[in-house]
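Trainee: I have a structure here, written as structure tokens, and I will follow up with some questions on it.
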Amino acid sequence: MKQCIKLVLVAASLFAASVAQADEAKPDFLSDARSVVMIFQKSLKQELMSAMQSGGPKKAVELCHSRAPAIAEEIGKKTGWEIGRTALKTRNEKNLPSEAEREVLENFEQRKEKGESIDKLEWWQKQDNTIAYMKAIPMSGMCASCHGSNVRPSLKQHINQFYPHDMATGFKVGDIRGAFTLKRYLKGAKGSEAP
460 MKQCIKLVLV AASLFAASVA QADEAKPDFL SDARSVVMIF QKSLKQELMS
510 AMQSGGPKKA VELCHSRAPA IAEEIGKKTG WEIGRTALKT RNEKNLPSEA
560 EREVLENFEQ RKEKGESIDK LEWWQKQDNT IAYMKAIPMS GMCASCHGSN
610 VRPSLKQHIN QFYPHDMATG FKVGDIRGAF TLKRYLKGAK GSEAP
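In this text, residue positions in the sequence shown follow my numbering: the first is 460, and each later residue adds one.
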């Protein structure tokens, strides 16, 4: 019972925060965060499409394993943001959500169920010397070969070579695949190198 009450309170606070975000003036970092996500998403998508065309889904899995973290790091160095991806059902165990990220992802699912467009699902927070931002990732048709409900057994075996703890299948177009995550430490914050 206590767990149920706790979940209701967390959901209510997340809903209130998302409503408050819609009503308040947009913070100055928001357009920058959106731009960084767009750059990362576009770069990753271009490389994945190229891999799919040249070597099919198996090559795309290999590229995603090796290049996605590298692309995030490259863009992060240029922009001052830590860039990542997370999901409720992860492929890479390094991308498991924190408790706070899990709450945001669950909130995204609730908002989607109420009819909000996945493309509009985002969350941000500025707390102390840290800015955090998340944007939902919609499941697209291109991703269905590796993340859909009918992943070929030979491809699943190939995926498991790179991601032995894979949980990221069973999606259909229109689902929330996960979220892009950004974090920036403001000047003077512990461990900060960002301007």
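A virtual CB, placed ideally from N, CA and C, is assigned to each residue, including glycine.
As the structure is a prediction and not an experimental result, all values here were calculated from the model.
Quick one: what does DSSP say M593 is sitting in, helix, strand or coil?
Mentor: Within the sequence shown, the letter at position 134 stands for residue 593. Reduced to three states, the DSSP call for M593 is strand.
Trainee: On the CB-based measure, 16 or more other CB atoms within 10 Å of its CB, does A481 come out buried or exposed?
Mentor: Numbered from its first residue, the sequence shown carries residue 481 at position 22. Residue confidence for A481 is low, a pLDDT of 48 falling below 50, so the modelled location carries little weight; the figure read from the coordinates is stated next. Label assigned to A481: exposed.
Trainee: Just to confirm my understanding: we take F567, look at its own chain, exclude 5 residues before and 5 after, and list those with CB closer than 6 Å. What are they?
Mentor: Numbered from 1 along the sequence shown, position 108 holds the residue referred to as residue 567. Same-chain partners within the cutoff: L580, A595 and I635.
Trainee: In whole angstroms, what is the alpha-carbon distance linking N551 and H617?
Mentor: Looking up residue 551 in the sequence shown gives position 92. Looking up residue 617 in the sequence shown gives position 158. Each residue's alpha carbon lies about 14 Å from the other.
Trainee: Going by C-alpha to C-alpha distance, which of I498, G629 and A603 sits closest to E533?
Mentor: Locating residue 533 in the sequence shown gives position 74, where the first residue counts as 1. Residue I498 is the option with its Cα nearest to E533.
Trainee: Can you tell me whether DSSP reads R493 as helix, strand or coil?
Mentor: If you number the sequence shown from 1, residue 493 lands on position 34. Residue state, collapsed to three classes: helix.
Trainee: Pull up the distance between the alpha-carbon of D625 and that of L555, whole angstroms please.
Mentor: Counted from its first residue, the sequence shown places residue 625 at position 166. Counted from its first residue, the sequence shown places residue 555 at position 96. Whole-angstrom Cα-Cα distance: 11 Å.
Trainee: Are the Cβ atoms of G607 and T628 separated by less than 8 Å?
Mentor: Residue numbering aside, residue 607 sits at position 148 when the sequence shown is read from its first letter. Residue numbering aside, residue 628 sits at position 169 when the sequence shown is read from its first letter. Cβ distance < 8 Å, so G607 and T628 count as in contact.
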